[in-house]
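Residue numbers (the numbering used here): 973 to 1077.
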Amino acid sequence: MIVTTAEAIPGRAISDTLGIARGNTIRARHVGTDIIASLRNLVGGEVGEYTKLMAEAREQAYDRMVADARQMGADAIIAMRFTTSMVTQGAAEILAYGTAVTLER
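(1) Taking alanine 985 as the reference, which of Thr1056, Asp1035, Ile1050, Met1058 has the closest Cα?
(2) Since alanine 1068 sits in a beta bridge, which residues does DSSP pair it with?
(3) Reducing DSSP to helix, strand and coil, say where threonine 1074 ends up.
(4) I need the DSSP call for alanine 985, collapsed to helix, strand or coil.
(5) Closer than 6 Å by C-beta to arginine 1036: which residues in its own chain qualify, once you throw out the five before and the five after it? Chain order, please.
(6) Would DSSP call threonine 1060 helix, strand or coil?
(7) Name the DSSP beta bridge partners of alanine 980, please?
(8) Could you tell me the boundaries of the alpha helix (DSSP H) in which glutamate 1028 lies?
The structure is reproduced here in structure tokens:
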């Protein structure tokens, strides 16, 4: 599956637009992670625990988007984007979305 943030795929023609492929996940922080993050705020620096949490969430949303596109019969996803929104205090949704397309052979 070709996935790109561009509006087209160089050297390939789009034969059909199938619709929006999307995948999401909602992740909540862990109390233990919050304690470590609070301590890290005192001395500064990256909060690695949150970085890992968000990276895993993005990967899961991405994988779900690709699965959605495959289910539609897509060869590629163009104009792919991520968005994040807070659902409740301590929980965020990561959404991966793009346009599922088929390519000329």
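The beta-carbon is built from N, C-alpha and C at its ideal position, and this holds for glycine as well.
Concretely, from the data shown:
(1) Nearest C-alpha to alanine 985 among Thr1056, Asp1035, Ile1050, Met1058: Ile1050.
(2) Paired residue(s): Gly995, Phe1054.
(3) In the three-state reduction of the DSSP assignment, threonine 1074 falls in the strand class, which pools E and B.
(4) Coil at alanine 985, not helix or strand.
(5) Apart from sequence neighbours up to five positions away, the residues of its chain that approach arginine 1036 with a beta-carbon distance below 6 Å are Gly995, ordered along the chain.
(6) For threonine 1060, the secondary structure class from DSSP, reduced to helix, strand or coil, is strand.
(7) Looking at the DSSP assignment, alanine 980 forms no beta bridge with any residue, so it has no partner.
(8) Its alpha helix (DSSP H) spans residues 1020-1044.
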